[in-house]
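Please read the structure below before turning to the comments.
2 protein chains.
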Amino acid sequence: MLIVQKFGGSSVANPERIKNVAKRVAKRSEKDQLVVVVSALGDTTDKLIELAHQITDLPSGREMDMLISTGEQISASLLSMALHGERKNAVSLCASQAQILTDSSYGKARIQEINTKRIEKELQKGNIVIVAGFQGVTEDEDVTTLGRGGSDLTAIALAAVLKAERCEIYTDVEGVFTADPRIVPSAKKLNSLIFDEMLEMASLGAGVMQTRAVEFAKKHGVCFEVRSSLTEAPGTIICKDKEVNDMEKLLVSGITTDPNEAKITVVGLSDQPGIAGKVFSALAEKDINVDMIIQSSAGEEKKNISFTVDKVDLRKALSVIETLRDQIEIGSVISDCDMAKVSVIGVGMMSQPGVAAKMFSCLADKGINIDMISTSEIKISCVIEKAKMEEAAVSLHSAFGLDK
Amino acid sequence: MLIVQKFGGSSVANPERIKNVAKRVAKRSEKDQLVVVVSALGDTTDKLIELAHQITDLPSGREMDMLISTGEQISASLLSMALHGERKNAVSLCASQAQILTDSSYGKARIQEINTKRIEKELQKGNIVIVAGFQGVTEDEDVTTLGRGGSDLTAIALAAVLKAERCEIYTDVEGVFTADPRIVPSAKKLNSLIFDEMLEMASLGAGVMQTRAVEFAKKHGVCFEVRSSLTEAPGTIICKDKEVNDMEKLLVSGITTDPNEAKITVVGLSDQPGIAGKVFSALAEKDINVDMIIQSSAGEEKKNISFTVDKVDLRKALSVIETLRDQIEIGSVISDCDMAKVSVIGVGMMSQPGVAAKMFSCLADKGINIDMISTSEIKISCVIEKAKMEEAAVSLHSAFGLDK
Numbered sequence: 001m002l003i004v005q006k007f008g009g010s011s012v013a014n015p016e017r018i019k020n021v022a023k024r025v026a027k028r029s030e031k032d033q034l035v036v037v038v039s040a041l042g043d044t045t046d047k048l049i050e051l052a053h054q055i056t057d058l059p060s061g062r063e064m065d066m067l068i069s070t071g072e073q074i075s076a077s078l079l080s081m082a083l084h085g086e087r088k089n090a091v092s093l094c095a096s097q098a099q100i101l102t103d104s105s106y107g108k109a110r111i112q113e114i115n116t117k118r119i120e121k122e123l124q125k126g127n128i129v130i131v132a133g134f135q136g137v138t139e140d141e142d143v144t145t146l147g148r149g150g151s152d153l154t155a156i157a158l159a160a161v162l163k164a165e166r167c168e169i170y171t172d173v174e175g176v177f178t179a180d181p182r183i184v185p186s187a188k189k190l191n192s193l194i195f196d197e198m199l200e201m202a203s204l205g206a207g208v209m210q211t212r213a214v215e216f217a218k219k220h221g222v223c224f225e226v227r228s229s230l231t232e233a234p235g236t237i238i239c240k241d242k243e244v245n246d247m248e249k250l251l252v253s254g255i256t257t258d259p260n261e262a263k264i265t266v267v268g269l270s271d272q273p274g275i276a277g278k279v280f281s282a283l284a285e286k287d288i289n290v291d292m293i294i295q296s297s298a299g300e301e302k303k304n305i306s307f308t309v310d311k312v313d314l315r316k317a318l319s320v321i322e323t324l325r326d327q328i329e330i331g332s333v334i335s336d337c338d339m340a341k342v343s344v345i346g347v348g349m350m351s352q353p354g355v356a357a358k359m360f361s362c363l364a365d366k367g368i369n370i371d372m373i374s375t376s377e378i379k380i381s382c383v384i385e386k387a388k389m390e391e392a393a394v395s396l397h398s399a400f401g402l403d404k
Numbered sequence: 405m406l407i408v409q410k411f412g413g414s415s416v417a418n419p420e421r422i423k424n425v426a427k428r429v430a431k432r433s434e435k436d437q438l439v440v441v442v443s444a445l446g447d448t449t450d451k452l453i454e455l456a457h458q459i460t461d462l463p464s465g466r467e468m469d470m471l472i473s474t475g476e477q478i479s480a481s482l483l484s485m486a487l488h489g490e491r492k493n494a495v496s497l498c499a500s501q502a503q504i505l506t507d508s509s510y511g512k513a514r515i516q517e518i519n520t521k522r523i524e525k526e527l528q529k530g531n532i533v534i535v536a537g538f539q540g541v542t543e544d545e546d547v548t549t550l551g552r553g554g555s556d557l558t559a560i561a562l563a564a565v566l567k568a569e570r571c572e573i574y575t576d577v578e579g580v581f582t583a584d585p586r587i588v589p590s591a592k593k594l595n596s597l598i599f600d601e602m603l604e605m606a607s608l609g610a611g612v613m614q615t616r617a618v619e620f621a622k623k624h625g626v627c628f629e630v631r632s633s634l635t636e637a638p639g640t641i642i643c644k645d646k647e648v649n650d651m652e653k654l655l656v657s658g659i660t661t662d663p664n665e666a667k668i669t670v671v672g673l674s675d676q677p678g679i680a681g682k683v684f685s686a687l688a689e690k691d692i693n694v695d696m697i698i699q700s701s702a703g704e705e706k707k708n709i710s711f712t713v714d715k716v717d718l719r720k721a722l723s724v725i726e727t728l729r730d731q732i733e734i735g736s737v738i739s740d741c742d743m744a745k746v747s748v749i750g751v752g753m754m755s756q757p758g759v760a761a762k763m764f765s766c767l768a769d770k771g772i773n774i775d776m777i778s779t780s781e782i783k784i785s786c787v788i789e790k791a792k793m794e795e796a797a798v799s800l801h802s803a804f805g806l807d808k
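Line order of the protein sequences matches chains A and B.
The first sequence runs 1 to 404 under this note's numbering.
The second sequence runs 405 to 808 under this note's numbering.
See the structure below:
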């Protein structure tokens, strides 16, 4: 069987850990053919970025990718050496050798094609193939990177094109949990999830995997497992459909929390078509991601718009809105950066009205005020006061029976 | 004019120095088209090698080259960023992008071809082209390195194929000196040298440049200048012929010293053809470089062979000789690791018998015993007691009028 494995930066943070990964990979290679994707050693990428910023404030994307892609080349060659130390045949490949072709959006390149000829040749020679994660090359041979967490995407994409039996994402946690164990101590490891649930988990702060990698897995139907590189315990399997014995399980599979919400309310906009569009276009132009949006009438042909942004973008967002005063009528602007988002995730829960009701009454029982609500096929999110985030998560976790 | 410049590891040891190099390159780029070759930052290569040895005792050559080639990719991208900071167009290229094709002798690969298409395209676009030194790629796209000091070779080879007007090797010394200034304080910078003289200077411990790079320059007639990256002072120009005003100069252009000589004498070999061949083949098989060789009759169909090796190879050489006792008759083996070599370098000096005589009598005047002598078209070397090396160098430097 052909298996793609991916080991993250903490799994290969130093020579000792690289040797441990090599032992694990060596043992597995006796049973399966392996393609192993690695991230850079520990904080190498951050150190390289810091070096660049010592040189210039605004390094070009092309040169930045040339620079930081060296991190994965280093870990790939070291892991290959460690496998030789275990008397296994192994070869490391950087993105140009592995022919991972991308567009030229430096820093967030998209994979366009993977020519698997070289990888397949090395597998046929009996090699364990170590691929430097996170990187690609353009058709002009310029080096690109796939964005933070891009090694996950490398692994999922390789599993797809190589038609691997499975893709295993090794990390420093045991799998995906019903909630962040640092916030909800009774959180439990999930045995399985479907792609959509994992997408919400990843994008709402579970922080286990790059969202783009999960989207790619969903699109190409790549089943993968998130598991620990430190233990032999099974992890969480993410597939198109849940396993049968999970079908009868609770609708809600997890609670996620995000303490970095900031809310902005623009008061007294004139109630004409196109006004909201102007506000959000201006924010988008400055690359500010808007999360929830609520619009309400303020009487007398006026309306208020409230929305949330990531806390780090608050100041930028406020100054964007100030610049709009020339074009549109704006009353006051109110902001609050002490907000948090708590979400309940689960497939098909929107067809079960009980879920939303249970969530709202659970929060009400604890005296937690809900500021904003948004819903989708797969989640219900509430923006609440940040100080109450932990209490909300713990209560919801228990209310939806996830403690058991 | 197209100029190839090379900056060594100490010139790009930290962000501050990289920015200084960028300022220098930026200024020059207003006058000339530039291809700039860089070494790795300071001791990066050594640190990467250490990392590899923490993983395994005998890392494979392929993976080692994959690992250490990242050092030059890092410095190339950083220098390119620094040039952008100086508002210049620049692009960094690693060996696979610059198409520096080599054989697959990892760690000491030989350049076979350079396809200049990409470099020329970037020059035409108005870019300063920064090339990662020291590295190449095989036709299978595997990364190779050119051996210690290989960035010099990259620069000279690029100057040759690009038909550059000149190649400038920037280092932390002002040029090539008549002797090592740490040993002979009155040493003077030379204005010019011919290739053969530079070859002797490089191989006999002047330590300024990789010998293979000088050989390549000689073979392809690439005129180059060794100069300081810290000052604007002209350096030493190395060409096929000396400049006219230097033609009348002294024959002797420099004194070199090498304190790392070890001498081995194998006593009582039988005086038959092929015996010496066996000794030196066995040493060559273990990659031990033998420098001087002297053979003398010891009477009764016996002979003694003395030779010198680098001090670090002494132990290995002695054990090789012990293994030969099964095949050939060997008397005793005597070794001395406290030897040094002092050499007088100069074109055409062998046709001037006075040079040798002056050298020997100068050493004799100081009571320095000559243990071994070797001569070539361009140098006379004497092996002497290591404790007398400095005195010998200073005396010879003065005797040949190099102090003036």
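Using N, Cα and C, we set each Cβ at its ideal position, and we do this for glycine too.
None of these values were measured; they are calculated from a predicted model.
Residues bridged to residue i by DSSP?
i	result
Asn-191(A)	Beta-bridge pairing links Asn-191(A) to no other residue.
Gln-33(A)	Leu-2(A)
Ile-305(A)	Val-266(A) and Gln-295(A)
Met-339(A)	Glu-261(A) and Glu-385(A)
Cys-167(A)	Val-4(A) and Phe-224(A)
Phe-581(B)	Lys-593(B)
Cys-506(B)	It is worth fixing the name first, because residue 506(B) is Thr in this sequence and not Cys. Answer is Ile-515(B).
Met-144(A)	Note that residue 144(A) is Thr in the sequence shown here, rather than Met. Gly-136(A), per the DSSP bridge assignment.
Around the Cβ of residue i, are there at least 16 other Cβ atoms within 10 angstroms (buried) or fewer (exposed)?
i	result
Glu-225(A)	buried
Ala-761(B)	exposed
Gln-352(A)	exposed
Ile-334(A)	exposed
Gly-8(A)	buried
Glu-329(A)	exposed
Gln-327(A)	exposed
Gly-71(A)	buried
Thr-635(B)	exposed
Met-64(A)	buried
Given residue i, which residues of its chain have a CB within under 6 Å of its CB, disregarding the five upstream and five downstream residues?
i	result
Ser-414(B)	Asp-576
Met-209(A)	Asp-152 and Ala-202
Ile-422(B)	Val-416, Leu-482, Leu-483 and Ala-486
Gly-147(A)	Lys-108
State the CB to CB distance for the pair residue i and residue j, rounded to an integer number of angstroms; the pair is presumed to be in contact (CB under 8 Å).
i	j	result
Glu-122(A)	Val-129(A)	5 Å
Asp-662(B)	Ala-744(B)	6 Å
Gly-155(A)	Val-37(A)	The sequence shown places Ala at residue 155(A), rather than the Gly named in the question. With 8 Å as the limit, Ala-155(A) and Val-37(A) qualify as a contact, their Cβ atoms being about 4 Å apart.
Val-279(A)	Val-266(A)	7 Å
Ala-76(A)	Ile-111(A)	Wrong, their Cβ atoms sit about 18 Å apart, outside the cutoff.
Tell me whether residue i sits in a helix, a strand or coil according to DSSP, three-state version.
i	result
Leu-78(A)	helix
Val-244(A)	Unreliable placement is indicated for Val-244(A), whose pLDDT of 44 sits below 50; the coordinate value is still reported in the next sentence. If DSSP states are grouped into helix, strand and coil, Val-244(A) belongs with the helices.
Ser-39(A)	coil
Asn-289(A)	coil
Lys-117(A)	helix
Gln-112(A)	strand
Glu-794(B)	helix
Thr-460(B)	coil
Gln-135(A)	strand
Met-763(B)	helix
Gly-107(A)	coil
Lys-219(A)	helix
Ala-637(B)	coil
Ala-13(A)	coil
Met-209(A)	coil
Gly-465(B)	helix
Gly-254(A)	strand
Ser-374(A)	strand
Lys-808(B)	coil
Does at least one heavy atom of the ligand COA sit under 8 Å from the Cβ of residue i?
i	result
Pro-353(A)	The ligand COA is absent from the structure shown, which contains no ligand whatsoever.
Excluding the 5 residues flanking residue i on each side, which residues of the same chain have their C-beta closer than 7 Å to its C-beta?
i	result
Ile-370(A)	Phe-360, Leu-363, Cys-382 and Ile-384
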